[in-house]
Amino acid sequence: MAAELTVPQLSAKHRPTLDQALSAIRSRAYWSPHPEHPKAYGETAPADGLAAFEALRGTRFDLGQPGTDGWAGAEVSPYGPELGVEYPHVDADVLLPAMKAGMGAWRDAGPEARALVCIEILARISARTHEFAHAVMHTSGQAFMMAFQAGGPHAQDRGLEAVAYAYEEQTRVPGQADWSKPQGKKDPLELGKTFTAAPRGIALMIGCNTFPTWNGYPGLFASLATGNPVLVKPHPRAVLPLALTVQVARKVLTEAGFDPNLVALAVERPGEGIAKDLAVRPEIKLIDYTGSTEFGDWLETNARQAQVYTEKAGVNTVVLDSTDNYKGMLANLAFSLSLYSGQMCTTPQNLLIPRDGIATDAGHKSYDEVVADLAASVGGLLGDDARANALLGALVNPDVKARLEAAAGLGEVALESREVTNPEFPDAVVRTPVMVKLDAAKPDPEAPFLSECFGPVSFAVAVDSTQDALDLLRRTVREKGAMTVGAYTTSPDTERALEEVCLEESAQLSLNLTGGVYVNQTAAFSDFHGSGGNPAANAALCDGAFVSNRFRVVEVRRQA
Numbered sequence: 039m040a041a042e043l044t045v046p047q048l049s050a051k052h053r054p055t056l057d058q059a060l061s062a063i064r065s066r067a068y069w070s071p072h073p074e075h076p077k078a079y080g081e082t083a084p085a086d087g088l089a090a091f092e093a094l095r096g097t098r099f100d101l102g103q104p105g106t107d108g109w110a111g112a113e114v115s116p117y118g119p120e121l122g123v124e125y126p127h128v129d130a131d132v133l134l135p136a137m138k139a140g141m142g143a144w145r146d147a148g149p150e151a152r153a154l155v156c157i158e159i160l161a162r163i164s165a166r167t168h169e170f171a172h173a174v175m176h177t178s179g180q181a182f183m184m185a186f187q188a189g190g191p192h193a194q195d196r197g198l199e200a201v202a203y204a205y206e207e208q209t210r211v212p213g214q215a216d217w218s219k220p221q222g223k224k225d226p227l228e229l230g231k232t233f234t235a236a237p238r239g240i241a242l243m244i245g246c247n248t249f250p251t252w253n254g255y256p257g258l259f260a261s262l263a264t265g266n267p268v269l270v271k272p273h274p275r276a277v278l279p280l281a282l283t284v285q286v287a288r289k290v291l292t293e294a295g296f297d298p299n300l301v302a303l304a305v306e307r308p309g310e311g312i313a314k315d316l317a318v319r320p321e322i323k324l325i326d327y328t329g330s331t332e333f334g335d336w337l338e339t340n341a342r343q344a345q346v347y348t349e350k351a352g353v354n355t356v357v358l359d360s361t362d363n364y365k366g367m368l369a370n371l372a373f374s375l376s377l378y379s380g381q382m383c384t385t386p387q388n389l390l391i392p393r394d395g396i397a398t399d400a401g402h403k404s405y406d407e408v409v410a411d412l413a414a415s416v417g418g419l420l421g422d423d424a425r426a427n428a429l430l431g432a433l434v435n436p437d438v439k440a441r442l443e444a445a446a447g448l449g450e451v452a453l454e455s456r457e458v459t460n461p462e463f464p465d466a467v468v469r470t471p472v473m474v475k476l477d478a479a480k481p482d483p484e485a486p487f488l489s490e491c492f493g494p495v496s497f498a499v500a501v502d503s504t505q506d507a508l509d510l511l512r513r514t515v516r517e518k519g520a521m522t523v524g525a526y527t528t529s530p531d532t533e534r535a536l537e538e539v540c541l542e543e544s545a546q547l548s549l550n551l552t553g554g555v556y557v558n559q560t561a562a563f564s565d566f567h568g569s570g571g572n573p574a575a576n577a578a579l580c581d582g583a584f585v586s587n588r589f590r591v592v593e594v595r596r597q598a
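572 is the number that the numbering used here gives to position 534 of the sequence shown; each next residue is one higher, with no gaps.
1. DSSP state of tryptophan 109, grouped into three classes?
2. With distance defined between alpha-carbon atoms, name the residue in Ala236, Arg166, Pro483 and Leu510 nearest to valine 594.
3. Leaving out the 5 sequence neighbours to the left and right, which residues in its chain are closer than 7 Å to leucine 442 when beta-carbon positions are compared?
4. Let me check understanding here. Comparing Cα to Cα, which of Ser61, Glu207 and Ser376 lies closest to serine 586?
5. Contact check, asparagine 435 vs arginine 275 under 8 Å by CB: the rounded distance?
6. Under 8 Å, do phenylalanine 463 and glycine 111 count as touching if we go by C-beta distance?
7. Helix, strand or coil: how does DSSP classify proline 191 here?
8. Give the straight-line distance between the Cα atoms of threonine 552 and isoleucine 163, rounded to the nearest whole angstrom.
9. Is the beta carbon of alanine 263 less than 8 Å from the beta carbon of valine 201?
10. To which residues of the same chain is valine 451 closer than 8 Å at the C-beta, ignoring the five residues directly before and after it?
11. Could you check where the beta strand (DSSP E) with alanine 236 kicks off and where it finishes?
12. Please go through the stretch 463-520 and give each complete alpha helix (DSSP H) segment of 4 or more residues, from N-terminal end onward.
13. Going along the chain, which unbroken runs of the beta strand (DSSP E) with 3 or more residues stay wholly within the stretch 543-573?
14. Asparagine 340: buried (16+ other C-beta within 10 angstroms of its C-beta) or exposed?
15. If I'm right that aspartate 297 touches glycine 140 with Cβ under 8 Å, what's the distance once you round it to whole angstroms?
16. Which residues does DSSP list as the beta-bridge partners of proline 212?
17. Cα separation between asparagine 460 and phenylalanine 259?
18. Note down the Cα distance separating glycine 245 from serine 404, rounded to an integer number of angstroms.
19. Give a yes or no on whether the C-beta atoms belonging to glutamine 505 and valine 523 are separated by under 8 Å.
20. Across which residues does DSSP place glutamate 332 in a beta bridge pair?
21. Could you have a look at threonine 348 and say whether DSSP puts it in helix, strand or coil?
22. Apart from the five residues on each side of it in sequence, which residues of its chain come closer than 6 Å, Cβ to Cβ, to threonine 528?
23. Among Ala500, Pro191 and Asn253, which one has its Cα closest to the Cα of serine 70?
24. Got a sec? Which residues, its chain only, sit under 7 Å from glycine 431 by beta carbon, not counting five neighbours each side?
25. If you compare alpha carbons, which of Val353, Tyr364, Ala317 and Glu332 is closest to glutamine 343?
26. On the CB-based measure, 16 or more other CB atoms within 10 Å of its CB, does alanine 50 come out buried or exposed?
27. Does DSSP classify aspartate 422 as helix, strand or coil?
28. If I measure Cβ to Cβ from glycine 122 and keep anything under 7 Å in the same chain, skipping five residues before and after, which residues do I get?
29. Taking the Cβ atom as the reference point for each residue, do glycine 265 and methionine 243 lie within a distance shorter than 8 Å?
30. For a quick check, are the C-beta atoms of leucine 269 and alanine 304 less than 8 Å apart?
31. Quick check on this structure: which residue in Val132, Trp144 and Glu457 has the alpha carbon closest to the alpha carbon of alanine 424?
32. Rounded to the nearest angstrom, what separates serine 65 and serine 564 at their Cα positions?
33. Just to confirm before moving on: does the CB-CB distance between serine 198 and histidine 52 stay below 8 Å?
34. Can we say the stretch 367-376 touches the stretch 480-493, given the rule of at least three CB pairs closer than 8 Å?
35. If you follow the beta strand (DSSP E) that phenylalanine 259 is in, where does it begin and where does it stop?
36. For a quick check, are the C-beta atoms of asparagine 354 and threonine 385 less than 8 Å apart?
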């Protein structure tokens, strides 16, 4: 097929971006090519993006994929409205062979061409960030500003980060080499060798409900940049953002002269559960999944023909030992507990507080005082309904609401959840967080703080000492996993002990955050999301290990 986009054109346009991304993952300094502010996209972009989103509602989203045997889609916004978009339902027996057909040309294009095509896809997505933001908002329940940033530039950054790692890992080995081994008086042994990054096969990306693009883009672009076709299987409640992504990718691939079926969409009918069927097909060689521990464990156990990358559930913990900025600590924690109604895999759940209290710059604070002050800080932050709606968004599904309501019966309630009305979307289910007091001294293997309670629920756990907090932290990370660990201490010895626990149990640690950086936020190109070293996730976003096993180097030797 004729290419409208040539590699030289793409190189002139995107090679500087690739080089900057490569520099950023090496330096770990702040960098992003994707603007965070809505005004950066042009004066008409907000209205244009909303209009584009509204135009999608009630339509049939035809991608021109092989094997389409019907239509599916039943998305209802957490804010109330039905989206009414129908997507192609596919016959995998037809689609998967069509996806494999373009692999050879995509492989032969080489790491640089693949990276440049991927960056063009991301650039076109970036230009439509306002449209994508509405799609993310109305499938995840995120408030608009969060959907704009996390679903837009931050997701695009994570995708570009994966492309950079993929390029770096594939180019560690030269494409060719002349080999000559001296043989004394005899002529040397001489060979010509070529080395090709050969893809594994079709990748299956299983999307999540809460962060369809942010959690989806790393696996999608890591697989595509390493030469693998990608079948995108969205969460049935959050199809639109990934369907738009697939649409853009297919168009760019076509214009660059590659088979558009290198990226395809697989949408399920209600209750169909196609992820299990697809995951064990022999054609599927890579799987990326974000979601429940139960299904993640099932994939790791049963999809034996594939390399499986999972991000599952964990028990995120904050240890409160001491602080020299009590007001800043409370404000930082209050924001972390409230953002997106606690529906982030990085939101703190367990707050471990010595029962004798903690030393602060405002004097000694008892356990009860710390809990009461933190509850008051959350209440103050969310006291204004307009601000509460902007921070909380909407509960993503009824399961979160049920967990929130049940949490009040688990112990003494330190902070009651209240209902917040969203005047723009009266059907949205908006609730402030609940905080429950629990005691670690009472031996109970079923204690609520020993398992994840996903949603706006936190447990203020009284412990005998900071050492007991460290022991409980180690236990929960080792047994249940953690995406994040936070701590507040003014003691160098305690700081070293915290670091040792996190190093031994492979947990990412944030210390003494009192400003505008929060334990549940990570920056692409600098921060690792998860570690791959504890039960919460078997991979990190993003490092070399996340991309290096998506391809193998195949060598051809020729007699010189």
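Ideal Cβ placement from N, Cα and C applies to all residues, glycine included.
On a predicted model such as this, the values are computed, not experimentally measured, just so you know.
According to the structure shown:
1. strand
2. The shortest C-alpha separation from valine 594 is found at Ala236.
3. Contacts found: Ser455, Arg469, Val472, Gly493, Pro494 and Val495.
4. Glu207
5. 7 Å
6. no
7. helix
8. 34 Å
9. yes
10. The beta carbon of valine 451 lies closer than 8 Å to those of Val472, Met473, Val474 and Lys475 in the same chain, with the five residues before and after it left out.
11. 224-237
12. 504-518
13. 547-549
14. exposed
15. With 8 Å as the limit, aspartate 297 and glycine 140 qualify as a contact, their Cβ atoms being about 3 Å apart.
16. Answer is none; proline 212 lacks a bridge partner.
17. So the two alpha carbons sit approximately 36 Å from each other.
18. Cα to Cα, the separation comes out at about 44 Å.
19. no
20. BP columns for glutamate 332 are empty, so no partner.
21. Shown here, threonine 348 sits in a strand according to DSSP, grouped into three states.
22. Ser360 and Asp362
23. Pro191
24. If we look at glycine 431 and ignore the five residues flanking it on each side, its Cβ neighbours are Gly179, Gln180, Ala181, Met184, Tyr378 and Ser379.
25. Ala317
26. exposed
27. coil
28. Arg95 and Gly96
29. no
30. The answer is yes: Cβ separation under 8 Å.
31. Looking at the Cα atoms, Glu457 is the closest of the given residues.
32. 8 Å
33. The question names serine, but residue 198 in the sequence shown is leucine. No, the pair does not count as a contact, with Cβ atoms beyond the cut-off.
34. no
35. Unbroken run through phenylalanine 259 is the alpha helix (DSSP H), 255-263; no beta strand (DSSP E).
36. Taking 8 Å as the Cβ cut-off, asparagine 354 and threonine 385 qualify as a contacting pair.
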